[in-house]
Amino acid sequence: MASPTTATETIELTLPDGSVRAVARGTTPLEVARSIGRGLARAAVGAAVDGELVDLRQPLDRSGALRLITSRDPEAGIFIRHSAEHVMADAVKRLWPEVEIDVGRQDHSEKFQYDFRFPRAFTPEDLERIEAKMKEILAEDAPFERIEISRQEAAKLFAEMGERLKVERLADIPEGETITLFRHGRFTDLCRGPHVQRASQIGAVKLLEASSVYWKGDESNERLQRIYGTAFASAKDLRAYEEQLAQARARDHRRLGPELDLFSFQPEAPATPFFHPKGALIYNGLMSFVRQLQTGYGYQEVITPQILDLELWHTSGHYENYRDNMFFTEVDDRRFAVKPMNCPTHCQIFGTRLRSYRDLPIRYADFGRLHRYERSGVVTGLTRVRSFCQDDAHVFCREEQIGDEVRAMTEMILRIYDTFDFHDVEIEVSTRPEKRLGSDEVWDHAERALMEALERQGIAYQINEGDGAFYGPKIDFQVADAIGRSWQLGTIQLDYQLPQRFALTYVGEDGAEHRPVMIHRAMLGSIERFIGILIEHTAGRFPLWLAPVQAVVLPISEKFLDYGEDVHRRLVDAGLRAELDARNEKLGYRIREAQVQQVPYMVVVGAREAEAGMINVRRRSGGELGSMTPEAFIDHATELIRQRRNEL
RNA sequence: GCCGACGUAGCUCAGUGGUAGAGCAGCUGAUUCGUAAUCAGCAGGUCAGCGGUUCAAGUCCGCUCGUCGGCUCCA
Numbered sequence: 026m027a028s029p030t031t032a033t034e035t036i037e038l039t040l041p042d043g044s045v046r047a048v049a050r051g052t053t054p055l056e057v058a059r060s061i062g063r064g065l066a067r068a069a070v071g072a073a074v075d076g077e078l079v080d081l082r083q084p085l086d087r088s089g090a091l092r093l094i095t096s097r098d099p100e101a102g103i104f105i106r107h108s109a110e111h112v113m114a115d116a117v118k119r120l121w122p123e124v125e126i127d128v129g130r131q132d133h134s135e136k137f138q139y140d141f142r143f144p145r146a147f148t149p150e151d152l153e154r155i156e157a158k159m160k161e162i163l164a165e166d167a168p169f170e171r172i173e174i175s176r177q178e179a180a181k182l183f184a185e186m187g188e189r190l191k192v193e194r195l196a197d198i199p200e201g202e203t204i205t206l207f208r209h210g211r212f213t214d215l216c217r218g219p220h221v222q223r224a225s226q227i228g229a230v231k232l233l234e235a236s237s238v239y240w241k242g243d244e245s246n247e248r249l250q251r252i253y254g255t256a257f258a259s260a261k262d263l264r265a266y267e268e269q270l271a272q273a274r275a276r277d278h279r280r281l282g283p284e285l286d287l288f289s290f291q292p293e294a295p296a297t298p299f300f301h302p303k304g305a306l307i308y309n310g311l312m313s314f315v316r317q318l319q320t321g322y323g324y325q326e327v328i329t330p331q332i333l334d335l336e337l338w339h340t341s342g343h344y345e346n347y348r349d350n351m352f353f354t355e356v357d358d359r360r361f362a363v364k365p366m367n368c369p370t371h372c373q374i375f376g377t378r379l380r381s382y383r384d385l386p387i388r389y390a391d392f393g394r395l396h397r398y399e400r401s402g403v404v405t406g407l408t409r410v411r412s413f414c415q416d417d418a419h420v421f422c423r424e425e426q427i428g429d430e431v432r433a434m435t436e437m438i439l440r441i442y443d444t445f446d447f448h449d450v451e452i453e454v455s456t457r458p459e460k461r462l463g464s465d466e467v468w469d470h471a472e473r474a475l476m477e478a479l480e481r482q483g484i485a486y487q488i489n490e491g492d493g494a495f496y497g498p499k500i501d502f503q504v505a506d507a508i509g510r511s512w513q514l515g516t517i518q519l520d521y522q523l524p525q526r527f528a529l530t531y532v533g534e535d536g537a538e539h540r541p542v543m544i545h546r547a548m549l550g551s552i553e554r555f556i557g558i559l560i561e562h563t564a565g566r567f568p569l570w571l572a573p574v575q576a577v578v579l580p581i582s583e584k585f586l587d588y589g590e591d592v593h594r595r596l597v598d599a600g601l602r603a604e605l606d607a608r609n610e611k612l613g614y615r616i617r618e619a620q621v622q623q624v625p626y627m628v629v630v631g632a633r634e635a636e637a638g639m640i641n642v643r644r645r646s647g648g649e650l651g652s653m654t655p656e657a658f659i660d661h662a663t664e665l666i667r668q669r670r671n672e673l
């Protein structure tokens, strides 16, 4: 940050066209914009220096690549929404002057939020009033001012304003950091920015919902009231966002699942799905796929107990670290726990005999049912349930085999995602959490091993500090679905703890005992959750190989029922999941129904077909494949299924 | 778990203290039909559950269960 004494020095700013401008240290991006052109200066909402977003009024203190951001740039939303936070807080203060403001924030989506000390929950009517007030404020078009201020002055100012929460927030700002305020009209907030120049650059706002939150996210703190909203440069952008929300609602697996008769939930089993026949077909289809793939990678499937003595969970450390998420039961005066993870049982299998270094890696896969107690407020649909199964596996290997194993796992995982047309995959390495087992040296080593394995494959990753499991660091795979939402699926977790706790050893080349390393791995994550994601990704249009009903045979009328039955029989005999819909309804009606149920193929048979021994095939993607022999269709479909191809 | 909202037929919803309704789905019949909804009739409800207020409760109050949106957590 610039100070007056250094203002005479010069810094060099590289503009996007490659030109370089030498300006005095302390020059603001807005001043640079003005020197380029009045139009640009007026249109700019913010700036970026070396990719970092900065406020237009922030004095620049170092050389770098300067880019001015207008409402057309993707980053504009950051400035707009951050400014909309202030406008919302302003509106709330105008309506209820006694309310204290906390802080605003925006998440990775298009939402922003602001927390208030307010005596009750905000109602939808409150939100309407606040939104209307915000629009008044936008119409006033006050400029946003950036003000640098001393810590003492800021503390005094907010104390006088009665903003006690702000005074406390101020105390959290590290010493030595410049304290800045932003003001528009009469509203002043403690804020490091960045903001737009004028309120009117916030083209459209909409408040979304309100909820209560704990101050600083800590359950022992008092409750504040949070309001969520969104803001865009234009009403058109807001409409596009609302359209996207409507899309997401239309794909919601909690609606589509029961509608397609895949699964249901019953009050007697909260957060535990019942898979109906069609859902079970998909469930088993996914398992077979994973089974086939991982067998090729040297995995062996095991089956292990559901309920195990508490002692095992003390040994594994789950009792100490994971107890709050476990189910317990007691019988014969003996205490048991329902397994929340498979890993301890795999350690036990490993430990049943003497292992040689020649046996490693040993790769145990397990589709065992897991139960985890999740707090009632956090469960939702299939994505967060209390009973589920993972495409779980544990690899026991030698230290020097970690790289190869992680590489093979990554390859397998990316192949799986590719099959489902998840092409946008982000990889994160999560490092040691606060609550953990093991020494810092072991963690250093484990974290480095994972990163090196990725680096050797040339795979880019991000680091997620402190987000590892209690027993080791992990690699997480995040994929973006068809409408751009991100989901966590696969995970690779390194574990030096369990082999030690279960005293697992193998005999090395040197004849001495060594400790194996354990790698936990899931690819789809949990089958339940994956089905939920897949429903939303495909909007219920499952790939042919997974579609519960792959083809429905539709005789035009009763007269062709015999031929329809014959065709149906042939499809079923060829291994296709085919149904016969011979209901007394018009063809259009039954076609529509098959479309709504997302059946990939509709096989129409009438006089022309019956006579010629042909069928007429329609695809759910629209359009007829035309007349063909049943054999030709069977060949075509079975080939697509064999290759697990998506397109129809 | 906490805060808030919600719970009426299989689904979507109407019903603001005075006799529980509609559309779709279902069933029956007619129609025998060529690529996204044929017509008619019938049936369908402990208004989530339990308790309370009231002459009278789907409607007002309390509790319980469940769902949804958040907090937090996560496969």
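Residue numbers (this note's numbering): 26 to 673. Heads up, the beta-carbon is just placed ideally off N, CA and C, and yes, glycines get one too.
Alpha-carbon spacing of residue i relative to residue j, whole angstroms
i: Asp-349; j: Arg-154; result: 42 Å
i: Arg-615; j: Val-578; result: 10 Å
i: Ile-162; j: Lys-118; result: 12 Å
i: Glu-425; j: Glu-477; result: 12 Å
i: Phe-585; j: His-661; result: 24 Å
i: Leu-479; j: His-545; result: 16 Å
i: Gly-282; j: Glu-234; result: 26 Å
i: Gly-242; j: Gln-250; result: 12 Å
i: Thr-663; j: Gly-565; result: 21 Å
i: Pro-369; j: Asp-506; result: 33 Å
i: Asn-609; j: Met-627; result: 17 Å
i: Glu-37; j: Ser-175; result: 29 Å
Per-residue burial, residue i [other beta carbons within 10 Å of its own, 16 or more giving buried]
i: Gln-334; result: First, the residue type needs correcting, since residue 334 is Asp and not Gln in the sequence shown. By the 10 Å Cβ count, Asp-334 comes out exposed.
i: Val-356; result: exposed
i: Pro-573; result: buried
i: Arg-440; result: exposed
i: Ile-488; result: exposed
i: Ala-32; result: Legend: pLDDT at Ala-32 = 49, less than 50; position of this residue unreliable, value from coordinates given subsequently. Exposed, because fewer than 16 other Cβ atoms sit within 10 Å of the Cβ of Ala-32.
i: Glu-534; result: exposed
i: Pro-292; result: exposed
i: Glu-34; result: exposed
i: Val-621; result: exposed
i: Val-79; result: buried
i: Asn-641; result: buried
i: Arg-378; result: exposed
i: Phe-392; result: buried
i: Phe-299; result: exposed
Spatially closest choice to residue i from the options, by CA coordinates
i: Glu-561; options: Asp-660, Phe-361, Met-312, Phe-447; result: Phe-447
i: Thr-297; options: Thr-52, Val-403, Asn-309, Thr-203; result: Val-403
i: Lys-191; options: Arg-457, Phe-104, Asp-214; result: Asp-214
i: Arg-667; options: Ala-599, Gly-515, Gly-651; result: Ala-599
i: Gly-254; options: Glu-156, Ser-289, Ile-332, Ala-180; result: Glu-156
i: Ser-236; options: Asp-465, Gly-515, Thr-148, Ala-607; result: Thr-148
i: Leu-263; options: Glu-247, Thr-370, Leu-232; result: Leu-232
i: Gln-518; options: Leu-93, Gly-428, Ala-101; result: Gly-428
i: Ser-108; options: Lys-136, Leu-120, Glu-200; result: Lys-136
i: Lys-611; options: Ser-582, Gly-631, Asp-443; result: Ser-582
i: Asn-671; options: Ala-196, Thr-320, Arg-645; result: Arg-645
i: Met-366; options: Leu-395, Arg-82, Gln-525; result: Leu-395
i: Phe-353; options: Arg-397, Ser-652, Asp-197; result: Arg-397
i: Pro-219; options: Ala-69, Leu-475, Tyr-496, Val-597; result: Ala-69
i: Ser-464; options: Met-437, Phe-495, Glu-56; result: Phe-495
i: Ala-164; options: Glu-178, Asp-197, Ala-116, Lys-181; result: Ala-116
Residue i: CB within 8 Å of a non-hydrogen atom of the ligand FAD
i: Glu-656; result: The ligand FAD is absent from the structure shown, which contains no ligands of any kind.
Cβ-Cβ separation, residue j to residue i (assumed contact under 8 Å), whole Å
i: Pro-168; j: His-209; result: 7 Å
i: Tyr-389; j: His-419; result: 5 Å
i: Cys-372; j: Phe-527; result: 4 Å
i: Arg-554; j: Thr-408; result: 5 Å
i: Asp-127; j: Phe-104; result: Actually they are not in contact, since the Cβ atoms of Asp-127 and Phe-104 sit about 21 Å apart, beyond 8 Å.
i: Asp-286; j: His-301; result: 5 Å
i: Leu-12; j: Val-431; result: Any answer about residue 12 is impossible in this case: the structure gives the chain only from 26 up to 673.
i: Leu-571; j: Ile-307; result: 5 Å
Report task. Examine the Cβ distances between the segment 110–130 and the segment 220–240 and report whether three or more of them are shorter than 8 Å. Result -> yes
Query raised in the report: On the three-pair Cβ rule with 8 Å, is the segment 509–523 touching the segment 453–470?
Result: yes
Query raised in the report: Between the segment 84–92 and the segment 38–47, do at least 3 Cβ pairs fall closer than 8 Å?
Result: yes
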